[in-house]
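Please read the structure below before turning to the comments.
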C-alpha cells in the first residue's frame, strides 16, 4: 500500500465519520474533501473542481429545477390531489394505491419533491378523514425511492452511478435500462409493506400543545402608567431569560416587534404578548403595573362571535399555533430561533424548534429560547403563533409543509400547469427515445420553463438544494483520487482474495450488501461514487460483465431502508415525530433484506 493510498483512505475515513455524525453540513464536508485532495496532491487542480462540471452534477441540478417548476405550477399537486377522493377505500387497498401512484410519479420527477408534496397531502387528509398518518408516511417515502429506481432520471444516485461508470469505460445506461428490475422490486415491496404496515405505529400524534410543552396560556398585558417597568430595559426585568415566561412580541403605536431584544426600553401602553403557565399568569395578575387584557387557554379553541378586525389579530383569543416541517431548500435552513423571530413569516411569530433525531441524538430536542448557535436543518419542525385566519397564508412559504388541517389555496394557473406538464413529457420523450441525452433534454426543459415564465430565476437560486450540488462536486474528485492512486484497485484485490473460489451469486450479493450498509450510514450519493469504481474493478478482476456489478451498486445505494439517514425523504418523515429508529430498523430492515436477496439472484442471472 502506497502513501497516496493511505492518504486517500484517511480522507475517506474522515469523510465517512463527518457524514455519519453530521458534524458539519454536507456542503462544508464537500469543500473539505476538495481542499484536502488538492493539498495532498492526490488530484490536480482541474480534477479537484471537476465535480462542478460533471454531467451528473449538472443533470441533477437541472432536474431539481424542473421539479421546482412542476411544484410551482401545480403539476405535482394536481397529480396527487385526486388521492383525497380515495379515502373511502379500505386501508388494505388504499395503502398500495398510494404507493403505486407515488412510485409512478417519482420515476420521472425528483423523488424528494414528490414525497414532500405527498407529505402535505397526507397531513391534510389524515386529519380530515381520520386516517393514520403514521401508517402512510413511511410507505410513501419507501415507494418514492423505489419508483425513482425504475428509470435513469428517477434519482440522483442513478445519474451518478451512470456517470462514474461511463468515465471508467462502461456503456451508458439507456433511460429504461433497468426499469424491469425496478418494477419487480416495487411490486414485491408493495406487498411486503402492506403486510408489515400493521406493525407501524397507529396511535395519534400528540397535540401541538402537549408535544411542545406549551404551558397553557398565551396572555396579552399592557404596561400601565404607574408600572415599575417603565424606563427599564428588558434585560433588567423579570421578562429576560425567564424559563417560565416567554416574551413573544411587543406592540407599540401600531408597530409590532416580533423579536424584542434585550436593550429595548419599556414604555407606557406597551402591549406585551407572553407565554406562561397558570401559576405565572396569576403572579402577573397580581403584579402592579401590568394590566391583563386577554388570555387564551391553548388547550381549548376559543372563537369570537364578531368578525376579527385587523387590529385585533394579536388578541390571544384570535391566535392559533401552527407546526411547520422544514424541507430541503427552505430559506429558514441555517437560521436560529432568534434570527427567525426577527423576520416576518406571514404574520407568524416563531416560538419553538423541535430538532429532528439523528445518529448522535436519538431523542428529539425541544428548543424554546433564543439559542443562537442552534440552526434549523431539513426535517426540523418549527412552532409558530399566528392569527387563525392567517394559517393558510403559510402555504406561501417555500419548501415548508404545514402539519395540520387548513384551507388549501386556490388552484394554480391552468395554462402554466399545462405548459409545464408538456415540457416534462418532452424531457422524458427526448431522453427515453435517445434523441438527446438526459443532460441536454433536462437543460432544454429548464430553458423552456424559464422562457414560458413557469419558474423565475430568482426562485431557482433560492430553492435549489445546493447542498446536494456541493456534495456531488466534492465526492466526484474523491472517486477520481481513488482511481488515480489505485485505491479502488487495492480494495478490489482484497475482495478478490477473500472471494477466491466463491460463486458469482455470493460476489454480487456482497457488493450489493456493502453498498446498502454504507448507504444507510452516509449519503447514498457518496456511497455510489465510492462503490462504483470498486465494483467495476472487481468485475475486471473476475473478467465478468460490468453491468450486474454496476446495478448492484445502483440498487444497493437506493435501498437503505433500515435507517432514516440513508435517504433524504426518510430523514424528513423521521423528523415528523411518528417513528422511532426501531421502526426503520425492523420494517425497513426486513424490506432491505428481501430486496437484497431478490436483487442478488436477479443480477447474478446476467453473469
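In full-length UniProt numbering, the protein residues as written are 1 to 607.
Ideal Cβ placement from N, Cα and C applies to all residues, glycine included.
In the DSSP annotation of this structure, residue 224 is not part of any beta strand (DSSP E), being labelled neither H nor E.
Our two residues, residue 527 and residue 274, have alpha carbons roughly 49 Å apart in a direct line.
Nearest C-alpha to residue 599 among 552, 587 and 321: 552. Shown here, residue 76 sits in a helix according to DSSP, grouped into three states. When the five nearest sequence neighbours on each side are left out, the beta carbons in the same chain lying within less than 7 Å of the beta carbon of residue 104 are those of 147, in order along the chain.
With at least 16 other beta carbons inside 10 angstroms of its own, residue 423 counts as buried. Per DSSP, reduced to three states, the secondary structure at residue 111 is helical. Put simply, the backbone Cα of residue 9 is about 55 Å away from that of residue 238. The stretch 23 to 31 and the stretch 463 to 483 touch, with no fewer than 3 CB-CB distances between them shorter than 8 Å. Of the other Cβ atoms in all chains shown, fewer than 16 fall within 10 Å of the Cβ of residue 85; this residue is therefore exposed. Nearest C-alpha to residue 464 among 579, 333, 77 and 184: 333. Residue 375 is bridged by DSSP to 336. CA-to-CA, the gap between residue 542 and residue 496 works out to about 8 Å.
By the Cβ-count criterion, residue 280 is buried, with 16 or more other Cβ atoms from all chains shown falling within 10 Å of its own Cβ. Judged by beta-carbon spacing, residue 384 lies within the 9 Å limit of residue 321, meaning their Cβ atoms are closer than that value.
Taken through DSSP and simplified to helix, strand or coil, residue 323 comes out as strand.
If you ignore the 5 residues before and after residue 11, its C-beta comes within less than 6 Å of the C-beta of 36, all in its own chain and listed in chain order. Contact between residue 455 and residue 449 holds: their C-beta atoms lie close to 5 Å from each other, under 8 Å. When DSSP reads this structure, residue 246 sits in a beta bridge with 275. Residue 1 counts as exposed, since fewer than 16 other C-beta atoms from the protein chains shown sit within 10 angstroms of its C-beta.
Rounded to the nearest whole angstrom, the CA to CA distance from residue 381 to residue 354 is 5 Å. In this chain, residue 255 is not harboured by any alpha helix (DSSP H); it is covered by the beta strand (DSSP E) spanning 255 to 257. Residue 4 has no beta-bridge partner at all, per DSSP. In the DSSP assignment, residue 598 falls within the alpha helix (DSSP H) that extends over 589 to 604. Excluding sequence positions up to five before and after residue 129, its CB lies within less than 7 Å of the CB of 87, all in the same chain and listed in chain order. Of all C-beta pairs linking the stretch 135 to 144 to the stretch 174 to 194, three or more are shorter than 8 Å, placing the two stretches in contact.
The C-beta of residue 469 has 16 or more other C-beta atoms within 10 Å across all chains shown, which makes the residue buried. Judged by DSSP secondary structure, residue 143 falls within the alpha helix (DSSP H) whose first and last residues are 137 to 148. Per DSSP, the continuous alpha helix (DSSP H) segment holding residue 423 begins and ends at 414 to 433. With fewer than 16 neighbouring CB atoms inside 10 Å of its own CB, residue 199 falls in the exposed class.
By the neighbour-count definition (other C-beta atoms within 10 Å, threshold 16), residue 112 is a buried residue. In this structure, the beta-carbon distance from residue 106 to residue 62 does not fall below 9 Å.
Under a 10 Å Cβ-count criterion, residue 45 is classified as exposed, with fewer than 16 other Cβ atoms of the shown protein chains found around its own Cβ. Taken through DSSP and simplified to helix, strand or coil, residue 385 comes out as strand. Taken in chain order, the unbroken stretches of alpha helix (DSSP H) that lie wholly in the stretch 511 to 561 and span 4 residues or more are 524 to 542 and 547 to 558. In the structure shown, residue 456 falls within a coil segment according to DSSP collapsed to helix, strand and coil.
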